[in-house]
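Trainee: Residue numbers (the working numbering), protein chains in the order written: chain A, 8 to 352; chain B, 8 to 352. Pasting in a structure now, in structure tokens, and then I'll have a few things to ask.
Number of protein chains: 2
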Amino acid sequence: MPDSSQIISAADAKFPLFAGIDVGGTNIKVGLVDDLGRTVAYRSLPTEADRGPEDASERMADGLAQIIQQAGVEKNDVVQVGLATPGPLDLETGMLLTPGNLPDWWNFPIRDCVSKHCQLPVRYANDANAAAFGEHWSGAASGLHSMVLLTLGTGIGGGIVVGDTLIEGAYGCGSECGHILIDLNPNARRDSLDKAGSLEAYCGAYSVVNRASEAIEAGRKSSLTPMCAGRGITPLDVSNAAEAGDELAREVVMDTARYLALGIVTLIHTIDPSSVVLGGAMNFGGAGHPLGEEFLRCIRDEVRPRLLLSLQKVLKIEFAQLGSDAGYIGAAGLARLQFMQADNK
Amino acid sequence: MPDSSQIISAADAKFPLFAGIDVGGTNIKVGLVDDLGRTVAYRSLPTEADRGPEDASERMADGLAQIIQQAGVEKNDVVQVGLATPGPLDLETGMLLTPGNLPDWWNFPIRDCVSKHCQLPVRYANDANAAAFGEHWSGAASGLHSMVLLTLGTGIGGGIVVGDTLIEGAYGCGSECGHILIDLNPNARRDSLDKAGSLEAYCGAYSVVNRASEAIEAGRKSSLTPMCAGRGITPLDVSNAAEAGDELAREVVMDTARYLALGIVTLIHTIDPSSVVLGGAMNFGGAGHPLGEEFLRCIRDEVRPRLLLSLQKVLKIEFAQLGSDAGYIGAAGLARLQFMQADNK
Chain A
8 MPDSSQIISA ADAKFPLFAG IDVGGTNIKV GLVDDLGRTV AYRSLPTEAD
58 RGPEDASERM ADGLAQIIQQ AGVEKNDVVQ VGLATPGPLD LETGMLLTPG
108 NLPDWWNFPI RDCVSKHCQL PVRYANDANA AAFGEHWSGA ASGLHSMVLL
158 TLGTGIGGGI VVGDTLIEGA YGCGSECGHI LIDLNPNARR DSLDKAGSLE
208 AYCGAYSVVN RASEAIEAGR KSSLTPMCAG RGITPLDVSN AAEAGDELAR
258 EVVMDTARYL ALGIVTLIHT IDPSSVVLGG AMNFGGAGHP LGEEFLRCIR
308 DEVRPRLLLS LQKVLKIEFA QLGSDAGYIG AAGLARLQFM QADNK
Chain B
8 MPDSSQIISA ADAKFPLFAG IDVGGTNIKV GLVDDLGRTV AYRSLPTEAD
58 RGPEDASERM ADGLAQIIQQ AGVEKNDVVQ VGLATPGPLD LETGMLLTPG
108 NLPDWWNFPI RDCVSKHCQL PVRYANDANA AAFGEHWSGA ASGLHSMVLL
158 TLGTGIGGGI VVGDTLIEGA YGCGSECGHI LIDLNPNARR DSLDKAGSLE
208 AYCGAYSVVN RASEAIEAGR KSSLTPMCAG RGITPLDVSN AAEAGDELAR
258 EVVMDTARYL ALGIVTLIHT IDPSSVVLGG AMNFGGAGHP LGEEFLRCIR
308 DEVRPRLLLS LQKVLKIEFA QLGSDAGYIG AAGLARLQFM QADNK
């Protein structure tokens, strides 16, 4: 079953159909998506990254064939494939470059390999960008003029959509919102790439853990102290402790909201999107959860007074809606866009 | 004569033609621009803002009629008008809202008024956005995939172009790059809107002047001391003193470059543009001038090491090329785009 989206029957689908494939370090999601962004069939495969990208591409094609059969549609009903992988990647040549979580897949021509096995043209994209396109097509920002997606996790990813334009960049590095700078101090916190003052250095999972650990090591009392001394704190520990009322943990969560707010102010003044959408696993419970809602409220309260006056009253920051389905749905949406543009020529 | 662009004869022009009008606090520039972005005729009128926007709109139409005659073309050769004014403005209704330098023009339906007097459809835009579109169409970023323009002056303006998409925002506040945040310290410098830590608070003309004045008041020796004690320092004083070797003035200029670099790093990781273009009057001499070139070099040297590795080698930051012509040329370019899109429907 997909994460968030309902499956509609092929009889209710608007044709043609598009395949969306989202490659992660653990699973590969393959979905069949209709012309309105609704999932018709879905399958999750283990990535088994050590078997290599050629083997995985073959299994993606097999998975697609299976869900086509499962949905009871014809192979010809599927006109294009969208493929999303972690970056960095080269959009022009369709090469997967040096993804951190897929070490055996470096410098592989994945777009053409998947195209060969699926016997369909493939639109290739960065996974965070695809997720943004998915939320814009049929998720939290559906029907809106524009949106910025921030994905909160180990790193801070991003995706920016303005109309039909996905900001992928001149060199495939567009929407890398985790690398926004929010601190000019040369002694600012540093991120995994050793860059000082980036949004990721203040809001990524490591920063959450480090800020909690540093406070405990400096003598703050907290229910996190045993983890800090033992196996090490995780972001989920911080979330759970904050939920249980631990003061330090709450402070760390709300500081994360405050730092994130600074990056969001920058993004709003740069893009002026209809909505800012927060995705990713590090959402402190997310929508409908008391801590998640408080985290979101704190972000909004910190962002609003820093905005240009006319933007304060239209501020819209929401949690994402498609969960881990956003990637394959967005990849299918990008495939659809490419198909329509080719059709118009 | 226009500022930077050469005038071509109507015989060499590619038709149809587009009118571009750029309204400033002092002058209104009206240009006739061909299908390739080249100026065919040009006229600068005094704004005489106190006579009000209806009177000015009438004079814009008169000016356009005059340059049509001067160029020896027919009225029918001009198919659409582009109009640029300072913001804030409402693109949907074509209203000029509350521009700081045009107090008698507040809340005026300028798009439709200009359209009525010119008897042509009008594409309305923010002036910094229009300037960006101009530099992208036929200036410093001509032929490139995408660009970010930063205009350096009293405020820091911006314009972002990706392909044919100008980032104007869901609420007309896109590309407001002066409001990017670069300092999370609550005691950060404040800009003219009293917002702490914005790019404008560190790089706008007031900041340049204030940083010099503060240092002198704190006891630093400088050739700027008499101005500081008397009529007040101007950005041009700082530029001239830096050029003459004044140590404090040089420091202020290079610090401005360093602060600007932080905003540019954020913009590059957000948009990943083919080029970052620096326009506006506060360019310390600009292209070909020793201080201007050193300012630009300092920005590049500060930006490069902060970028994702793959972006370091393709870094491109340049001065703008169209000077004060960028606005009317860009407005004409936006008119052309709207004309072509309407034609395709």
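Each residue gets a CB set at the ideal place from its N, CA and C atoms; glycine is no exception.
Since G31 (chain B) and G38 (chain B) are thought to touch, with beta carbons under 8 Å apart, how far apart are those beta carbons, to the nearest angstrom?
Mentor: The Cβ separation is near 14 Å, so there is no contact.
Trainee: I'd like to know whether the C-beta atoms of E309 (chain A) and R265 (chain A) end up nearer to each other than 8 Å.
Mentor: Against a cut-off of 8 Å, the Cβ pair of R265 (chain A) and E309 (chain A) comes out as a contact.
Trainee: Report yes or no: is there a C-beta of chain A within less than 8 Å of the C-beta of S317 (chain B)?
Mentor: Chain A contact via Cβ: present.
Trainee: When you check each C-beta in the stretch 320-351 of chain A against every C-beta of chain D, which residues fall closer than 8 Å?
Mentor: Of the chains in the structure shown, none is chain D; the protein chains are A and B.
Trainee: Assign Q87 (chain A) to buried or exposed, taking buried as 16 or more other Cβ atoms, counted over all protein chains shown, within 10 Å of its Cβ.
Mentor: Buried, by the Cβ-count rule.
Trainee: Starting from I306 (chain A), follow the alpha helix (DSSP H) in both directions and report where the run begins and ends.
Mentor: Per DSSP, I306 (chain A) belongs to the alpha helix (DSSP H) from 297-310.
Trainee: Give every residue of the same chain whose Cβ lies closer than 8 Å to the Cβ of L104 (chain B), excluding the five residues on either side of it in the sequence, and list them in chain order.
Mentor: G94, P95, L96, D97, W113, N114.
Trainee: Using 8 Å for Cβ pairs, my map puts R130 (chain B) next to Q345 (chain B). What's the rounded Cβ distance?
Mentor: Confirmed, Cβ separation roughly 4 Å.
Trainee: Rank B:V259, B:Q319, B:L322 by C-alpha distance to the C-alpha of F291 (chain B) and give the top, closest one.
Mentor: Considering only alpha carbons, the answer is B:V259.
Trainee: Going along chain B in order, which residues have a C-beta closer than 8 Å to the C-beta of E183 (chain A)?
Mentor: Chain B residues near E183 (chain A): H276, T277, D279, L315.
Trainee: How many angstroms separate the CA atom of G101 (chain A) from the CA atom of S122 (chain A)?
Mentor: Answer to the nearest angstrom: the Cα atoms are 11 Å apart.
Trainee: For chain B, is any of its Cβ atoms less than 8 Å away from the one on D19 (chain A)?
Mentor: False, the Cβ-Cβ gap to chain B never drops below 8 Å.
Trainee: Run down chain A in chain order and give the residues with a C-beta less than 7 Å from the C-beta of A177 (chain B).
Mentor: Correct list: H152, S153, D279, P280, S281.
Trainee: Buried or exposed, going by whether 16 or more other CB atoms sit within 10 Å of the CB of L274 (chain A)?
Mentor: So L274 (chain A) ends up on the buried side.
Trainee: Please tell me whether V272 (chain A) has its Cβ less than 8 Å away from any Cβ of chain B.
Mentor: Chain B contact via Cβ: present.
Trainee: Got a sec, what are the start and stop residues for the beta strand (DSSP E) R257 (chain B) sits in?
Mentor: No beta strand (DSSP E) holds R257 (chain B); the alpha helix (DSSP H) holding it covers 254-278.
Trainee: Looking only at its own chain, which residues have a Cβ that is under 6 Å from the Cβ of L126 (chain B), when we skip the five neighbours before and after it?
Mentor: A quick correction: the sequence has Gln, not Leu, at residue 126 (chain B). Contacts found: none.
Trainee: For a contact meaning CB atoms closer than 7 Å, what does I187 (chain B) contact in chain A?
Mentor: T273, H276, T277, listed in chain order.
Trainee: Can you tell me where the beta strand (DSSP E) holding Y49 (chain B) begins and where it ends?
Mentor: Its beta strand (DSSP E) spans residues 46-53.
Trainee: Would you check if the distance between the CB atom of V80 (chain B) and the CB atom of A17 (chain B) is smaller than 8 Å?
Mentor: In this structure, A17 (chain B) lies closer than 8 Å to V80 (chain B) by Cβ.
Trainee: Quick one: using the 10 Å Cβ neighbour count with 16 as the cut-off for buried, is D332 (chain A) buried or exposed?
Mentor: That one is buried.
Trainee: Could I get the ranges of all uninterrupted alpha helix (DSSP H) runs contained in the stretch 198-240 of chain B, with 4 residues as the minimum, in chain order?
Mentor: 206-210, 212-224, 232-236, all fully within the stretch 198-240 of chain B.
Trainee: Once you ignore the five residues that flank G59 (chain A) on each side, which residues in its own chain have a CB closer than 6 Å to its CB?
Mentor: D111, listed in sequence order.
Trainee: Does chain B have any CB closer than 8 Å to the CB of C210 (chain A)?
Mentor: No, no contact with chain B.
Trainee: Alpha carbon to alpha carbon, how far is I15 (chain B) from L24 (chain B)?
Mentor: So the alpha carbons of these two residues sit roughly 12 Å apart.
Trainee: Between which residues of its own chain and G337 (chain A) is the CB-CB distance below 6 Å, once the five residues before and five after are set aside?
Mentor: For G337 (chain A), where only same-chain residues beyond five positions count, the Cβ hits under 6 Å are A137, A138, F140, G141.
Trainee: Answer with buried or exposed for G107 (chain B), where buried requires no fewer than 16 other C-beta atoms within 10 angstroms of its C-beta.
Mentor: Exposed, since its Cβ has fewer than 16 Cβ neighbours within 10 Å.
Trainee: Alpha carbon to alpha carbon, how far is Y209 (chain A) from L269 (chain A)?
Mentor: Their backbone Cα atoms lie some 10 Å apart in a straight line.
Trainee: Are at least three pairs of beta-carbons, each pair with one atom in the stretch 63-79 of chain A and one in the stretch 147-156 of chain A, less than 8 Å apart?
Mentor: Contact fails: fewer than three Cβ-Cβ distances are below 8 Å.
Trainee: Kindly identify the DSSP beta-bridge partner or partners of M289 (chain A).
Mentor: The partner list for M289 (chain A) (beta bridge, DSSP) is empty, contrary to what the question assumes.
Trainee: Just tell me which of B:L329, B:E99, B:T277 has its CA closest to the CA of A288 (chain B).
Mentor: It is B:L329 whose Cα lies nearest to the Cα of A288 (chain B).
Trainee: If A91 (chain A) and D42 (chain A) are in contact, beta carbons under 8 Å, what's the gap, nearest whole angstrom?
Mentor: At roughly 19 Å, the Cβ-Cβ gap does not stay under 8 Å, so A91 (chain A) and D42 (chain A) are not in contact.
Trainee: If you reduce the DSSP assignment to three classes, tell me which class L191 (chain B) lands in.
Mentor: Looking at L191 (chain B) - three-state DSSP - the assignment turns out to be coil, as it is neither helix nor strand.
Trainee: Quick one: which chain B residues come within Cβ less than 9 Å of P95 (chain A)?
Mentor: Result: L315, L316, S317.
Trainee: Any idea what DSSP makes of G165 (chain B), helix, strand or coil?
Mentor: Residue state, collapsed to three classes: strand.
Trainee: Say whether chain B places a C-beta atom closer than 8 Å to the C-beta of V215 (chain A).
Mentor: Answer no: the Cβ-Cβ gap between V215 (chain A) and chain B never drops below 8 Å.
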